[in-house]
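Residues 585 to 701 in my numbering are what the sequence shown spells out, letter by letter.
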Amino acid sequence: MSDCIFCNIVSGEIPATVVYEDDQVLAFDDLSPQAPVHTLVIPKAHFSSLADDVDTATLGAVFTAVRAVAVLKGIDQSGYRTIVNSGPDSMQTVEHLHVHVMGGRKMAHGMVVFSGD
Ligand code: AMP
Ligand code: ZN
């Protein structure tokens, strides 16, 4: 997917601050952080969102990496919020499956992080 920003980060064509990497997963800091820690965890393979038929091995690798990122960022004990936007109503802007890992401060109570109407 040459026109996908996150595929281009995986291939190294677009720079990113990499936090964690393994065979299947890359994690890098969000360009526009909404919390002191705001890291994106993505599968290296391209899936548009959870609406794609994402295999369980990939999902497992991504969420195992979420835990590793939390430890590396020092927020595994203090806690963190994970968000996966999928499709237009979620306001997903990058169509490559990603998990937001946000922490380092108390989040707003409830489910809303990015405000909406
Ligand atoms: P979403 O709205 O769930 O699709 O989130 C996409 C996220 O990707 C946003 O939080 C953006 O700040 C972030 N983002 C977009 N481009 C880049 C980039 N080149 N490097 C790091 N994060 C990015
Ligand atoms: Zn992609």
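All residues carry an ideal CB built from backbone N, CA and C; glycine is no exception.
Relative to ligand 2, the beta carbon of histidine 622 is positioned no closer than 7 Å to any heavy atom.
Pairing alanine 649 with valine 621 gives a Cβ-Cβ distance that is not under 8 Å.
Along the segment 619-695, the alpha helix (DSSP H) occurs as fully enclosed runs of 4 or more residues at 640-657, listed in sequence order.
Isoleucine 598 and isoleucine 667 have their C-alpha atoms roughly 23 Å apart.
A distance below 8 Å between beta-carbons, with the five flanking residues on each side excluded, links glutamine 676 to the following residues of its chain, in chain order: Ser633, Asn669 and Ser670.
Beta-bridge partners of alanine 611 (DSSP): Tyr604 and Val625. Proximity of the beta carbon of histidine 680 to ligand 2 is indicated: a heavy atom of the ligand is located closer than 7 Å.
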